[in-house]
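In the numbering used here, the protein residues as written are -14 to 194.
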């Protein structure tokens, strides 16, 4: 049994916040990104919403299952294992949609300097990002190392595998087929060009530490 008290929920001795993660509204992007058909973005947003719902569902179910772990199988174990999938699927999509804007915005001076310092030039950075994107069905992130501030690319498989620790995500690029195949088929290069055309440079600058 669960009981609500002072903004928290108590379930079988477990205390969980009753605040569910909200689905962010990205309707302003639909039909307003050159190179992205409206139905492509709408379907992509529906997939994002699914990750949010599953993340909330997992947290809700964790409040009622017995806290018993087993490598082969236990309900608690599987929920914990899959929570990182739902959470990263949620946050990576939010980072992705947040770093897109109608018509694009030029990269800020701080990010340009950082890219030149770490990749040699802005064009070299773009080439490296494209090379990473062509290597994975998953995600590519431009990340800033927390300890020394350097910028590096990471290839993330699914949503949770190879995810680096102690980094600040500056850019997220969705390389799953659902992000482009309906419109571009296997032409990932055309998708990447459209991505760069709509890149929100001001948002990337804001994320830079």
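C-beta: ideal position from N, C-alpha, C; glycine also.
- DSSP places residue 128 in the uninterrupted beta strand (DSSP E) bounded by 123 to 130.
- Taking the CA atoms as reference points, residue 28 sits about 17 Å from residue 80.
- Comparing C-alpha distances from residue 159 to each of 137, 186, 115 shows the shortest one belongs to 115.
- In its chain, beyond the 5 residues on either side, 185 have a beta carbon closer than 6 Å to the beta carbon of residue 86.
- With contacts defined as CB atoms closer than 8 Å, residue 70 and residue 162 fail to qualify as a contacting pair.
- At a Cβ-Cβ threshold of 8 Å, residue 25 and residue 173 do not count as neighbours.
- Ranked by Cα distance from residue 141, the options 111, 74, 11 are led by 74.
- By the Cβ rule, the stretch 30 to 38 counts as touching the stretch 3 to 15, because three or more pairs are nearer than 8 Å.
- Its chain contains 61 as the residues whose beta carbon lies nearer than 6 Å to that of residue 52, once the 5 sequence neighbours on both sides are disregarded; these appear in chain order.
- By the C-beta density criterion, residue 134 is exposed, having fewer than 16 other C-beta atoms within 10 angstroms.
- For residue 61, the three-state secondary structure derived from DSSP is helix.
- Between the beta-carbon of residue 182 and that of residue 20 there is about 6 Å, and that keeps the pair under the 8 Å contact cut.
- Between residue 157 and residue 84, the gap from beta carbon to beta carbon is short of 8 Å.
- Nearest to residue 123 by alpha-carbon distance, out of 139, 111, 108, is 139.
- By alpha-carbon distance to residue 89, the top candidate from 192, 14, 175 is 14.
- Apart from sequence neighbours up to five positions away, the residues of its chain that approach residue 110 with a beta-carbon distance below 6 Å are 100, 104, ordered along the chain.
- In this chain, the beta strand (DSSP E) harbouring residue 158 covers 152 to 159.
- Remark: C-beta atoms of residue 130 and residue 107 do not approach each other more closely than 8 Å.
- The beta-bridge partner set that DSSP reports for residue 137 consists of 128.
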